[in-house]
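Below: one structure, written as structure tokens.
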Amino acid sequence: MTSRQAEFERDALPHSRSLLRVARRLVSDPAMAEDLVQETYLRAWRSFDQFQTGTNIRAWLFRILFNAFYAQGRQSSAAPMIVSLDAPGFDPGANRQAGLPYADAAEVLAALDALSDEHRTVILLAVVEGFTCRELADILSLPIGTVMSRLSRGRQAMRDRLAAPSPKVFQARASAGRAQRELG
Amino acid sequence: MNCSDISELAPLYVAGELDAARAAGFDAHLKTCSSCFRELEAQAKLEARLREIVLAQEVDAARVNRRIREMLAKESLVEAVKRLERPRRRWIAATAGIAAAFFLLVAGYLLLPGRVSPVYADAAEDHQSEVIDRAPRRWQTDPAEIAARARKVGVDITVPAALGSGFRLERAKICQLDGRLYLHAVYTDGTHEFSLFLRARDQEGLNAAVRGFSNGRLLRACASGKEHVASFSTARLSAIVATGEPAAASLAYAKLASAAIQD
Numbered sequence: 002m003t004s005r006q007a008e009f010e011r012d013a014l015p016h017s018r019s020l021l022r023v024a025r026r027l028v029s030d031p032a033m034a035e036d037l038v039q040e041t042y043l044r045a046w047r048s049f050d051q052f053q054t055g056t057n058i059r060a061w062l063f064r065i066l067f068n069a070f071y072a073q074g075r076q077s078s079a080a081p082m083i084v085s086l087d088a089p090g091f092d093p094g095a096n097r098q099a100g101l102p103y104a105d106a107a108e109v110l111a112a113l114d115a116l117s118d119e120h121r122t123v124i125l126l127a128v129v130e131g132f133t134c135r136e137l138a139d140i141l142s143l144p145i146g147t148v149m150s151r152l153s154r155g156r157q158a159m160r161d162r163l164a165a166p167s168p169k170v171f172q173a174r175a176s177a178g179r180a181q182r183e184l185g
Numbered sequence: 030m031n032c033s034d035i036s037e038l039a040p041l042y043v044a045g046e047l048d049a050a051r052a053a054g055f056d057a058h059l060k061t062c063s064s065c066f067r068e069l070e071a072q073a074k075l076e077a078r079l080r081e082i083v084l085a086q087e088v089d090a091a092r093v094n095r096r097i098r099e100m101l102a103k104e105s106l107v108e109a110v111k112r113l114e115r116p117r118r119r120w121i122a123a124t125a126g127i128a129a130a131f132f133l134l135v136a137g138y139l140l141l142p143g144r145v146s147p148v149y150a151d152a153a154e155d156h157q158s159e160v161i162d163r164a165p166r167r168w169q170t171d172p173a174e175i176a177a178r179a180r181k182v183g184v185d186i187t188v189p190a191a192l193g194s195g196f197r198l199e200r201a202k203i204c205q206l207d208g209r210l211y212l213h214a215v216y217t218d219g220t221h222e223f224s225l226f227l228r229a230r231d232q233e234g235l236n237a238a239v240r241g242f243s244n245g246r247l248l249r250a251c252a253s254g255k256e257h258v259a260s261f262s263t264a265r266l267s268a269i270v271a272t273g274e275p276a277a278a279s280l281a282y283a284k285l286a287s288a289a290i291q292d
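First to last, the protein sequences are chains A and B. Heads up, the first sequence is in the working numbering, so the first residue is 2 and it goes up one at a time. Heads up, the second sequence is in the working numbering, so the first residue is 30 and it goes up one at a time.
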């Protein structure tokens, strides 16, 4: 292994989990999400010489991921996701007993997945991955005003959806139940 | 600043990106406008829950990491073959390389995203050197001595001797973060330790991304080096928590501190 490759693996690979987490919510098929992340790393490696060590590699990788995502023509994107209710380590009822707001994880995820690609993307990157508005503008090649308005609209859309009982949540649960029965 | 400004600037405020003057205007508006405060509170609650739910979902990166490593090995092999076949025009590559490096340096400087605010960086550094690495300092353990030092830096409340979850005040001293004096208190439950920095609240807020909500107060948090830092403001105090543990721990400790400080 060359020292450059070792450097790439050391600095870039620890972010694959974050990238995969976002990719899984951009494309409906888990295998396609992995392909998207692999494509991101291939592009990143090929342009790693242009990357300046010490700058924000995580933001750089996300920028490449979105370029790859849009280059693929968002195949199979924005399909309503079925929330996996029995993924290991995932308890949709967690905290329900504590009486916390938004206790139902399936409802919150359904509200996130119901957003448009543009709104879901900025919400995921800002709220879950912790990027700032300036970083988002850089990652998505958008004016900062557009990032801010997408964040505001995305936030409002999620809250509007969660304010009223949502039939789509029940639909998602029913689909998940059907899928489990078919698999089982 | 009116309600419409608040609505427009909320994304920058929540991300901790407003400049100090506008952040202070934002804070001042929230103090007097319960409607905007409730709006931000509801948003912070939803976002904290969304973050918790998405991060709790299992993402197995092992397989994709294996695929990436295999791909890198193949790419390196192809590169090695190409290098052997490439004509030796290294001076052209070198000149282009220098130009590109210069351009990236300038562009990188101009585009570099906001750095961690100096007060948080100082808090993280103090926690690392004085609490984790145990650099020798003149700590006070006597409650009366600690109270006297708190008063010296304008902290006019009784520094909580105990917090929830079995944390108790172990020691404290005066320190300086970003040019201001703070009381640096260390709390421990016998296994974990964290730092709580307190000063009298003034016009200058603690600017960082909003990451939670506790006891009617917004919790802000960021990472600085290996440390995680969280902050909140009470009616009279500004408080910063620093820990070497993960981000969730910094927020949990800030919640404990916030719950114990009523003013």
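Backbone N, C-alpha and C fix where the C-beta goes; we use that ideal spot for every residue, glycine too.
Residues that DSSP places opposite residue i in a beta bridge
{"i": "L212 (chain B)", "result": "B:I203, B:L227"}
{"i": "S267 (chain B)", "result": "B:R228, B:S262"}
{"i": "L247 (chain B)", "result": "B:F242"}
{"i": "S253 (chain B)", "result": "B:E256"}
{"i": "L198 (chain B)", "result": "B:Y216"}
{"i": "E76 (chain B)", "result": "Partner(s): none; E76 (chain B) has no beta bridge."}
{"i": "A191 (chain B)", "result": "B:R197"}
Below-8 angstroms beta-carbon distance, residue i vs any chain B residue
{"i": "M149 (chain A)", "result": "yes"}
{"i": "V38 (chain A)", "result": "yes"}
{"i": "A106 (chain A)", "result": "yes"}
{"i": "L27 (chain A)", "result": "no"}
{"i": "L43 (chain A)", "result": "yes"}
{"i": "A80 (chain A)", "result": "Any reading at A80 (chain A) must be qualified, since the residue scores a pLDDT of 40, below 50, and its modelled position is unreliable; the value itself is stated next. Not one chain B Cβ lies under 8 angstroms of A80 (chain A)."}
{"i": "R160 (chain A)", "result": "yes"}
{"i": "R22 (chain A)", "result": "yes"}
{"i": "A72 (chain A)", "result": "no"}
{"i": "E35 (chain A)", "result": "yes"}
{"i": "Q98 (chain A)", "result": "Unreliable placement is indicated for Q98 (chain A), whose pLDDT of 36 sits below 50; the coordinate value is still reported in the next sentence. No, Q98 (chain A) does not count as interfacial toward chain B."}
{"i": "E121 (chain A)", "result": "Reading the sequence as shown, one finds Arg at residue 121 (chain A) and not Glu. No, because no Cβ of chain B sits closer than 8 angstroms to the Cβ of R121 (chain A)."}
{"i": "R64 (chain A)", "result": "no"}
{"i": "T133 (chain A)", "result": "yes"}
C-beta contact flag for residue i and residue j at 8 angstroms
{"i": "A289 (chain B)", "j": "P189 (chain B)", "result": "yes"}
{"i": "R246 (chain B)", "j": "F261 (chain B)", "result": "yes"}
{"i": "L20 (chain A)", "j": "F63 (chain A)", "result": "yes"}
{"i": "V109 (chain A)", "j": "L152 (chain A)", "result": "no"}
{"i": "R249 (chain B)", "j": "G54 (chain B)", "result": "no"}
{"i": "A60 (chain A)", "j": "F9 (chain A)", "result": "no"}
{"i": "A152 (chain B)", "j": "V258 (chain B)", "result": "yes"}
{"i": "V184 (chain B)", "j": "R200 (chain B)", "result": "no"}
{"i": "C251 (chain B)", "j": "A238 (chain B)", "result": "yes"}
{"i": "V128 (chain A)", "j": "L47 (chain B)", "result": "no"}
{"i": "Y103 (chain A)", "j": "L66 (chain A)", "result": "no"}
{"i": "V88 (chain B)", "j": "R18 (chain A)", "result": "yes"}
{"i": "V23 (chain A)", "j": "E119 (chain A)", "result": "no"}
{"i": "L41 (chain B)", "j": "L192 (chain B)", "result": "no"}
Contact set for residue i: own chain, Cβ-Cβ below 6 angstroms, skip 5 residues either direction
{"i": "Q98 (chain A)", "result": "Caution is warranted here: a pLDDT of 36 is assigned to Q98 (chain A), below 50, making its placement in the model unreliable, and no coordinate value can be reported."}
{"i": "L14 (chain A)", "result": "none"}
{"i": "S267 (chain B)", "result": "R228, R230, L235"}
{"i": "Q181 (chain A)", "result": "For Q181 (chain A), the predicted structure reports a pLDDT of 41, less than 50, and the residue's modelled location is therefore unreliable. The matter cannot be settled from this model."}
Burial state of residue i (16 or more Cβ within 10 Å)
{"i": "D162 (chain B)", "result": "exposed"}
{"i": "I127 (chain B)", "result": "exposed"}
{"i": "P275 (chain B)", "result": "exposed"}
{"i": "P147 (chain B)", "result": "exposed"}
{"i": "S253 (chain B)", "result": "buried"}
{"i": "E222 (chain B)", "result": "buried"}
{"i": "P172 (chain B)", "result": "exposed"}
{"i": "E159 (chain B)", "result": "buried"}
{"i": "D292 (chain B)", "result": "exposed"}
{"i": "Y71 (chain A)", "result": "exposed"}
{"i": "A77 (chain B)", "result": "buried"}
Own chain, CB closer than 8 angstroms to residue i, minus 5 neighbours either side, in chain order
{"i": "I203 (chain B)", "result": "R178, K181, V182, L210, Y211, L212, H213"}
{"i": "I58 (chain A)", "result": "D12, A13, H16, F52"}
{"i": "S287 (chain B)", "result": "S243, N244, R246, L248, F261, T263, A268"}
{"i": "A69 (chain A)", "result": "L37, E40, T41, R44"}
{"i": "R179 (chain A)", "result": "With a pLDDT of only 38 at R179 (chain A), under 50, the local geometry of the prediction cannot be trusted, and the value read off the model is given with reservation. Closer than 8 angstroms at Cβ, skipping near neighbours: no residue."}
{"i": "L113 (chain A)", "result": "R26, R121, I124, L125, M159"}
{"i": "C134 (chain A)", "result": "A127, I145, V148, M149, L152"}
{"i": "A176 (chain B)", "result": "T187, V188"}
{"i": "I140 (chain A)", "result": "A60, F63, R64, F67, L126, F132"}
Test: residue i CB closer than 8 angstroms to a CB of chain A
{"i": "N94 (chain B)", "result": "yes"}
{"i": "A128 (chain B)", "result": "no"}
{"i": "P147 (chain B)", "result": "no"}
{"i": "A44 (chain B)", "result": "yes"}
Own chain residues within Cβ distance below 7 angstroms of residue i, not counting five before or after
{"i": "C65 (chain B)", "result": "C32, I35, H58, L59"}
{"i": "P144 (chain A)", "result": "A138"}
{"i": "A73 (chain B)", "result": "V239, G241, F242, L247"}
{"i": "E70 (chain B)", "result": "F242"}
{"i": "R166 (chain B)", "result": "E159, K202"}
Closer than 7 angstroms: residue i CB and nearest the ligand SAM heavy atom
{"i": "N244 (chain B)", "result": "Absence of the ligand SAM is noted for the structure shown, with no ligands found whatsoever."}
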